Amino acid sequence: MVSDDSLRRRQAVKGKVDHSQRQAAQLCQLQTLLTEVLSSNPFYAAKLRAAGVESADDVATLQQYTDLPFTTKQELSVDQAENPPYGTNLTYPAQRYVRVHQTSGTTGERLRWLDTEDSWTWFGRGWEAVYGGAGVTGEDRIFLAASFGPFIGFWSAHEGARLLGAMAIPGGGMSSVQRLEALAFNKATVLVCTPTYALHLAEVAAAQGLDLVRDTSVHVTIHAGEPGAGLPATKARIEQAWGARCFDHAGATEVGAWGFECTEQDGLHLNEDQFIFEIIDPQSDQPANEGELIITNLGRTGMPVIRYRTGDRVRWHEAGSCACGRTFRRLEGGVIGRLDDALVIRGINVYPSLIENVVRGFPQVGEFAVHVRRPGAMDELEIEVEVEDGAEAVVEGLAAELYRGLALRPRVRAVACGSLPRFELKARRVTDHRQLGQNG
Ligand SMILES: [Zn+2]
101 MVSDDSLRRR QAVKGKVDHS QRQAAQLCQL QTLLTEVLSS NPFYAAKLRA
151 AGVESADDVA TLQQYTDLPF TTKQELSVDQ AENPPYGTNL TYPAQRYVRV
201 HQTSGTTGER LRWLDTEDSW TWFGRGWEAV YGGAGVTGED RIFLAASFGP
251 FIGFWSAHEG ARLLGAMAIP GGGMSSVQRL EALAFNKATV LVCTPTYALH
301 LAEVAAAQGL DLVRDTSVHV TIHAGEPGAG LPATKARIEQ AWGARCFDHA
351 GATEVGAWGF ECTEQDGLHL NEDQFIFEII DPQSDQPANE GELIITNLGR
401 TGMPVIRYRT GDRVRWHEAG SCACGRTFRR LEGGVIGRLD DALVIRGINV
451 YPSLIENVVR GFPQVGEFAV HVRRPGAMDE LEIEVEVEDG AEAVVEGLAA
501 ELYRGLALRP RVRAVACGSL PRFELKARRV TDHRQLGQNG
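Quick note: the sequence shown uses this note's numbering, first residue 101, plus one each step.
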């Protein structure tokens, strides 16, 4: 016998309720969230009251919801800096929280994010929808090819696998060769990693004489952290290398696992059962067909985000429901990019402003230039610096300092003074050869 509750959950997981039912449910969840945060979350209580919201009744429609103030990453970052270690966006006393994670931000805007038992399960359910979209079931064996550090992505994917009833195989603390061995030995059927790393593993496999199609059981790969799996050419390369279907997924530490591809692979579904989404023009803040994605998460009451400016550039998929039967709206081509032009290198956000900040700390360096290339499957970052005297020491010191700041090892090369371009107005020091279609 199927209980009402499990039936409801199944419908919710599949995202098949109609639009008006969904909006009514979103409003109800939103009001519950507002009531909670107004009573005990210092960050949002102050923010909402300043905007004239005294109780959840002041947001009686989704139209009124769009009058609520935005939340920015900068704001959260300042709050955490002023109220260490976790800031004031906490709805409950510290002892209620069971998980701590940290964003991979490299600008000094590194956020720490807490989850309660309930919100952690909620995050895992988001991943359950990601797996469900890709046709992954409890019969599957899911290999998570990443180090299990403070970054939330793989922990939440692991939790989602547990909720799905699938076998989760953590791939932390291993070399690429060891990961391939573990993946084959455990007969993993699903691979979760960044798109870049899926291609790198394929290169390593080829060097080892391992035929991924013949020697492994992987039939689905799921990727996040970079736009790659949403790019047709990268997706095709991964699918060819692994003999598997490659799925894009989108999520964020401070938001949750909010987007996924279904087996129709015609856009990125938005999980509207658990989040409210808008797209706005980032200049005018008005609704737009293409622009910045704004998200409220509805099930992470302990540390929520309300009308959060994700900085992700996205575009609505043309109207019409998906052939998979889900009524969740879709984004065309997933996340197109970041509004702030962060360079994504090996899955890590690298901000040109941070590179500049490090380079400018070396007075011996004149002009500099940044090149990002992908000669093989892995991205490479090269910094060219003009140095007059003591080039070797400067190059060494700068490489070490950049490694400390960026968490990846760039190549630093000294070039002759005066050899790099000069600029009169806005500098264009960054050349992303991957976007130009140049690989060398
Ligand atoms: Zn679909």
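A virtual CB, placed ideally from N, CA and C, is assigned to each residue, including glycine. No experiment lies behind these values; they were computed from the predicted model shown.
Inset, instruction - Using the Cα positions of Val290 and Ile322, report the straight-line distance between them to the nearest angstrom. - result: 8 Å
Inset, instruction - Below 7 Å CB to CB, which residues in the same chain sit around Ala491 once its five sequence neighbours on both sides are set aside? - result: Ala514
Legend entry - Residues that DSSP places opposite His349 in a beta bridge: Phe360
Inset, instruction - Could you have a look at Val450 and say whether DSSP puts it in helix, strand or coil? - result: strand
Legend entry - Burial state of Gly208, where buried means 16 or more other Cβ atoms lie within 10 Å: Since pLDDT at Gly208 reaches only 49, below the 50 mark, its modelled position is unreliable, and the value read off the structure follows with that caveat. Flag for Gly208 reads exposed.
Legend entry - 3 or more residues per run - each beta strand (DSSP E) lying fully within the region 177 to 244: 197 to 202, 212 to 216, 241 to 244
Inset, instruction - May I ask you to check if the CB of Glu432 is nearer than 7 Å to at least one heavy atom of ligand 1? - result: no
Inset, instruction - May I ask whether a heavy atom of ligand 1 can be found less than 7 Å away from the beta carbon of Arg55? - result: Missing from the structure shown is residue 55; the chain here goes from 101 to 540 and no further.
Inset, instruction - Look up Phe143 in the DSSP assignment and say whether it is helix, strand or coil. - result: helix
Inset, instruction - Helix, strand or coil for Gly330, going by three-state DSSP, please let me know. - result: helix
Legend entry - Per-residue DSSP class, three states only, for Arg337: helix
Legend entry - Burial state of Glu392 (16 or more Cβ within 10 Å): buried
Legend entry - Coil, strand or helix - Ile445 by DSSP: strand
Inset, instruction - Could you spell out the range, first to last residue, of the alpha helix (DSSP H) harbouring Asp315? - result: 312 to 315
Inset, instruction - Using the DSSP secondary-structure output, state which residues sit across from Trp255 in a beta bridge. - result: According to DSSP, which records beta bridges pairwise, Trp255 is partnered with nothing at all.
Inset, instruction - Return the CA-CA distance between Arg199 and Ala229, expressed in angstroms with no decimal places. - result: 21 Å
Inset, instruction - May I have the straight-line CA-CA distance separating Pro184 from Glu486, to the nearest angstrom? - result: 39 Å
Inset, instruction - List the whole-angstrom C-beta distance separating Ala477 from Leu299, where the pair is believed to meet the contact cut-off of C-beta under 8 Å. - result: 4 Å
Inset, instruction - Would you mind stating whether Ala350 and Val435 have Cβ atoms separated by less than 8 Å? - result: yes
Legend entry - Chain-order list of residues whose beta-carbon lies under 7 Å from that of Asp532 (same chain, five-residue window excluded): Leu443, Val472
Inset, instruction - Tell me whether Asn286 sits in a helix, a strand or coil according to DSSP, three-state version. - result: coil
Inset, instruction - With ligand 1 as the reference, list in chain order each residue whose Cβ lies under 6 Å from any of its heavy atoms. - result: Cys362, Glu364, His369, Cys422, Cys424, Arg426
Inset, instruction - Express the C-alpha separation of Asn397 and Gly253 in angstroms, rounding to a whole number. - result: 16 Å
Inset, instruction - Could you name the residues of the same chain whose beta carbon sits closer than 6 Å to that of Phe251, not counting the 5 residues immediately before and after it, in chain order? - result: Ser204
Inset, instruction - Output yes or no for whether 8 Å exceeds the beta carbon distance between Leu236 and Ala266. - result: In the sequence on display, residue 236 carries Val and not Leu. Contact flag set, yes.
Inset, instruction - Determine, using beta carbons only, whether Leu162 and Gln126 come nearer to each other than 8 Å. - result: yes
Inset, instruction - Using the DSSP secondary-structure output, state which residues sit across from Cys293 in a beta bridge. - result: His323
Inset, instruction - Let me know if Cys424 comes out buried or exposed under the rule of 16 or more other beta-carbons within 10 Å of its beta-carbon. - result: buried
Inset, instruction - Give the DSSP-derived three-state secondary structure of Leu168 in the structure shown. - result: coil
Legend entry - Three-state secondary structure (DSSP) of Arg529: coil
Legend entry - Through-space distance from Arg345 to His319, alpha-carbon basis: 6 Å
Inset, instruction - Answer yes or no: do Val414 and Ile379 have a C-beta to C-beta separation smaller than 8 Å? - result: yes
Inset, instruction - Report the residue from Ala246, Leu214, Asp381 whose alpha carbon sits nearest the alpha carbon of Tyr192. - result: Leu214
Inset, instruction - Taking 8 Å as the cut-off, decide whether the C-beta atoms of Arg550 and Trp227 are in contact. - result: The requested residue 550 is not part of the displayed model; the chain covers only 101 to 540.
Inset, instruction - Compute the Euclidean distance between the alpha carbons of Arg446 and Ser155, then round it to the nearest angstrom. - result: 45 Å
Legend entry - CA-to-CA distance, Pro270 to Ala245, given in whole angstroms: 7 Å
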